[in-house]
Amino acid sequence: MTQSTQGTPVTYRDGSYIVPDDPIIPFIEGDGTGRDIWRASQKAFDAAVAKASGGTRRVVWLEVLAGEKAFKEAGSWLPEATLETLTKYRVAIKGPLTTPVGAGIRSLNVALRQLLDLYACVRPVRWFEGVPAPVKRPQDLNVVIFRENTEDVYAGIEYAATSKEAARLREILVSDFKAKLREQSAIGIKPMSEFGSKRLVARAIQYALDKRKPSVTLVHKGNIMKFTEGAFRDWGYQAARERFGGRTITEAELAGGDPGDRVVVKDRIADSVFQQLLLRPREYSVLATPNLNGDYLSDACAAQVGGLGIAPGANIGDGYAIFEATHGTAPKYADLDKINPGGVILSGVMMFEHLGWEDVAELIVRGFEGAIRSRRVTYDLARQTEGATEVSTSAFADQIVECMG
Ligand code: NAP
């Protein structure tokens with residue numbers, strides 16, 4: 001594995017990255033299948049950078065430890081050195097990390113997002129021709145989900161049923177606020193702020209304006225959770241009005257008219273969005289959601305266009321970003337050279353776009369589309385594709401490189 005600091009750090013000034021020809025980019029290999037996936041992904045990235053630049057640019061990959069590998073080698077799930085390196089180099093890419101359920105270490109992914117204040121989880125969902133999908137017209141879904149990444153029930157304010165914290169909170173809720181609660185209830189808190197909601201929605205609107213997308217839909221469950229999810233909707237409309245006045249228009253104001261080059265801002269209740277994205281996907285473009293809704297929605301959308309194995313993602317803040325696939329460690333396939341590396345490879349596409357290396361990103365997409373068309377694909381796609389040949393993780397990466405042209 002390349003392990004070098006003989007490169008130049010990416011810097012950030014006045015809201016933009018300054019990217020040298022030899023950027024140092026830290027990577028976390030990831031647990032489980034992460035090892036196989038990273039090897040394959042790095043190969044595809046290096047080939048694309050070399051080809052796009054004629055050898056004048058290269059990425060200097062810098063491995064940082066997290067998860068099981070970090071625990072084995074450094075005695076910590078998330079070593080201080082990793083946090084320092086990620087902070088110093090600003091843009092990184094990671095494989096999946098194990099999160100034990102119920103007890104043990106808190107989610108490393110959540111910790112990383114909070115450390116760098118990576119407040120937007122961005123997940124583009126589109127179909128690639130040839131990918132088997134469970135719906136008749138997967139090509140109709142082409143959305144980018146902006147999920148708030150730091151608040152909501154993911155804030156980690158949660159107490160076990162038997163804890164003294166839960167007992168104290170129950171007491172306050174029942175005696176001071178007359179809330180109705182079962183004794184011994186566990187307590188989780190769902191904080192959602194005006195600041196957090198507005199900056200997420202603003203980022204989604206800015207993206208829609210930059211990429212000439214027609215609409216931003218605020219997804220919420222405000223009919224039930226009026227003061228959290230309902231406020232997310234209200235703050236979202238306010239952000240549109242205050243920060244993007246003449247460049248946005250609400251669906252209500254539009255009343256079926258022509259928005260011109262303005263982005264239409266609308267809102268939908270979360271449960272209805274799940275059915276709408278299946279039945280009328282073309283009516284949606286950019287979606288802005290609170291944390292938990294966005295988590296569910298992005299997996300559902302990924303499945304609709306052919307599955308988790310190829311769903312990319314990014315966690316983005318102001319001047320910091322970590323790119324990662326949507327899927328987890330899929331431990332039963334660890335070290336079998338079997339799993340689909342597409343999720344991390346397409347997350348790399350997002351990373352190169354974010355850094356302004358669009359030529360590299362386009363080449364990887366071209367290679368990926370070609371590999372899918374060749375029907376020499378990993379097990380997950382092969383089992384659903386007629387006439388396909390199942391190939392290993394590494395062979396699929398080779399196929400992508402070959403198809404770059
Ligand atoms: P998962 O690892 O995403 O795997 C669930 C299933 O999805 C797999 O068994 C496999 O389906 C399919 N799949 C996942 N990745 C794939 C790929 N690259 N190619 C093809 N198929 C793929 O979800 P999980 O089993 O719920 O979670 C395992 C661990 O990962 C947990 O500790 C969880 O906390 C963690 N996790 C981490 C992250 C992250 O680091 N960002 C995200 C999610 C979960 P088949 O069995 O049908 O082949």
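The opening position of the sequence shown corresponds to residue 1 in the working numbering, with each subsequent residue numbered one higher.
Every residue, glycine too, gets a C-beta built ideally from N, C-alpha and C.
- Of Gly156, His354 and Arg383, the smallest CA-CA separation from Gly15 is found for His354.
- Ranking Gly256, Val273, Ala255 and Pro214 by CA distance to the CA of Arg247 puts Pro214 first.
- Taking the Cα of Thr393 as reference, the smallest distance to any Cα among Gly405, Val216 and Val377 is reached at Val377.
- In the DSSP assignment, Asp22 falls outside any beta strand (DSSP E) and carries neither an H nor an E.
- Judged by DSSP in its simplified three-state form, Val401 adopts helix.
- The beta carbon of Pro79 is closer than 7 Å to those of Leu65 and Ala70 in its chain, skipping five residues each way along the sequence.
- Around the Cβ of Lys136, a 10 Å sphere holds fewer than 16 other Cβ atoms; the residue is exposed.
- Around Val19, the same chain offers Val10, Leu355, Gly356 and Trp357 as residues with beta carbons nearer than 8 Å, after the five sequence neighbours per side are excluded.
- If you draw a straight line from the Cα of Leu83 to the Cα of Phe396, it is about 32 Å long.
- Placement of the Cβ of Leu279 at a distance of 7 Å or more from every heavy atom of the ligand NAP is found.
- Between the ligand NAP and Pro96, a heavy atom-to-CB distance of less than 7 Å is present.
- Annotation for Thr33 indicates a beta carbon within 7 Å of some heavy atom of the ligand NAP.
- No heavy atom of the ligand NAP is found nearer than 7 Å to the CB of Ile187.
- According to the DSSP assignment, Asp337 belongs to no beta strand (DSSP E), since it is labelled neither H nor E.
- By the Cβ test, the stretch 180–190 is not in contact with the stretch 317–332, since fewer than three Cβ pairs between them sit closer than 8 Å.
- Nearest in C-alpha terms to Val219, of all of Ser163, Thr250, Phe146 and Gly245, is Phe146.
- Between the alpha carbons of Glu148 and Leu62 lies a gap of roughly 28 Å.
- In the DSSP assignment, Tyr12 falls within the unbroken beta strand (DSSP E) covering Thr11 to Arg13.
- Taking 7 Å as the cut-off, one finds no heavy atom of the ligand NAP near enough to the beta carbon of Lys72.
- Going by C-alpha positions, Gly256 is about 11 Å away from Thr250.
- Taking all protein chains shown into account, Leu336 has fewer than 16 neighbouring C-beta atoms within 10 Å of its C-beta and is therefore exposed.
- In the displayed model, Ala321 falls within a strand according to three-state DSSP.
- Bounds of the alpha helix (DSSP H) holding Asn291 are Asn291 to Gln304.
- In the displayed model, Trp61 falls within a strand according to three-state DSSP.
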